[in-house]
Structure formats: C-alpha cells, structure tokens
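Residue numbers (the working numbering): 1004 to 1234.
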C-alpha cells in the first residue's frame, strides 16, 4: 500500500509546523518547504526544500519528484502597511508572498497531484473582516479565496478538491506583535470562544480536508476563528 505524500509549505513554525506534526503522527509521508531550516529537524524522515517560492522556477524546484497526494500551502508574511502607501515595495512583497506564490506553486504542482488529491490554501480572518492596517495582506488573502474557487472548478474533473482555510487570531510568532499592540485581554474579549486560536486548531481542520470524509467538499473558504465571523 502506497503511503500518501503531503507537501506542506511554511512548515518550520506556527500553523505549518502543527500540520506537519499532525500528519506525521497519522502516518503521512512529508515533504516540507520553508525559507528556513530550523524547526524542520523534528521531522527527520521528511524530505525538505529550503526555498522562498518567489518565482515559478523556485516553486518547481522546491517540489518533490513523483506523485503528490495533498498540497498544503501555509507560507506567507504578515506585514502592516500604510494607505495611501508610502512604500509600494511593501505591497509588492506582501502580495507576492501571500498570493502570487500560491498561484505559482499550485500551477507547478498540479500535474503531480494524483487524481482525487487535495489542495488546501491559507486565506485569513483579515479577508473576512478587512484589516485597516494590513490592506495589502487583506487583498492578498482575498485572492487566495478566489484561487481556491477557480481551481476547484478547473481541477474538479480529476477529482481534486481545492479549499481555503481562514484562520482567525492564532497564537503564533506571526501574531505576537498584533496581540501585544491591542492587548491580549481585549483581543480575547472579541472572540466568542474567549481565547486565541492554537495552531493545532487549524491543523485539525486541514487534516479533515485532506482526508476521505471531505471528498465532496471543494471550492470553500472555511473559517477557523473561534466565532469572530459568524454571519
């Protein structure tokens, strides 16, 4: 019996690392992609690529050889900006790292994904609510939702499902500054469940989406945010 292979980007920390831990425990083979190698050492059996995924060529080179069962793309950056912008370079960097790379990576991986395979992409609460201090990030994460919906139709004839997850405020290094600036108690008071999310909360949803019970779910944007977006 062939052991399924999952490709996970952003796997060195935060949500990506939690997903890798969950899938490893479930017996998946892993190919991990990140811009840094520290944090990947706890997965000695995994293959890996250290790559910024900043060009189509880099995306192709970062992928493993052979069939891919699931592509889980969590890599991205969370950078505040000004509007009107005082530096267009921030927009270019944020959109490239959060949206363009998803397009390039899925385009590179699609021929290798097995019929009936899975793709999961990372959108965000920022897209659902709008983040006034993260305009470029909000726009990029909206593009992810559009990409998931388009690819669900494009790849559906092959039985491949494509979904996006929209994490809320998850307790990772990426959100440390946001929580510190606004105050943890104030942030938690806005969440119906009364707590920050944990990376494992997202990992459980991703595990479901790439499993057999989610075979008829595609083209969806699924929130995992403790109830902040409930309408």
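Ideal Cβ placement from N, Cα and C applies to all residues, glycine included.
Fair warning: this is a prediction, and the values are worked out from it, not measured in the lab.
Q. Can you give the Cα-Cα distance for residue 1206 and residue 1031, rounded to whole angstroms?
A. On the chain shown, position 203 is the one that residue 1206 refers to. On the chain shown, position 28 is the one that residue 1031 refers to. About 14 Å.
Q. With contact counted as at least three CB pairs below 8 Å, one residue from each stretch, are the region 1184-1201 and the region 1145-1159 in contact?
A. no
Q) Anyone know if the C-beta pair for residue 1011 and residue 1033 falls short of 8 Å? A) Indexing the chain shown from 1 puts residue 1011 at position 8. Indexing the chain shown from 1 puts residue 1033 at position 30. Yes, they are a contact pair.
(Q) Relative to the C-alpha of residue 1058, which candidate in 1067, 1090, 1087 and 1110 has its C-alpha closest? (A) Taking the chain shown and counting its residues from 1, the one referred to as residue 1058 is at position 55. Considering only alpha carbons, the answer is 1110.
Q | Status (buried if at least 16 other CB within 10 Å, exposed otherwise) for residue 1190 | A | Counting from one through the chain shown, the residue named residue 1190 turns up at place 187. With 16 or more other Cβ atoms within 10 Å, it is buried.
**Q.** Where residue 1075 sits in the DSSP three-state scheme
**A.** Sequence index remark: in the chain shown, residue 1075 carries index 72 (1-based). Of the three classes helix, strand and coil, the one that applies to residue 1075 here is strand, per DSSP.
Q) Between residue 1097 and residue 1084, is the Cβ-Cβ spacing less than 8 Å? A) What you label residue 1097 is simply residue 94 of the chain shown in a count that begins at 1. What you label residue 1084 is simply residue 81 of the chain shown in a count that begins at 1. Yes.
Q. Residue 1017 lies in the alpha helix (DSSP H); which residues open and close that run?
A. The residue you call residue 1017 lines up with position 14 of the chain shown. Here the alpha helix (DSSP H) through residue 1017 covers 1017-1028.
Q. Does the distance from the CB of residue 1141 to the CB of residue 1221 come in under 8 Å?
A. In the chain shown, the residue the question calls residue 1141 occupies position 138. In the chain shown, the residue the question calls residue 1221 occupies position 218. No, they are not a contact pair.
Q | Neighbour-count burial assignment, residue 1005, 16 or more Cβ in a 10 Å radius | A | As a first step, residue 1005 must be located in the chain shown, where it is residue number 2. Under this definition residue 1005 is an exposed residue.
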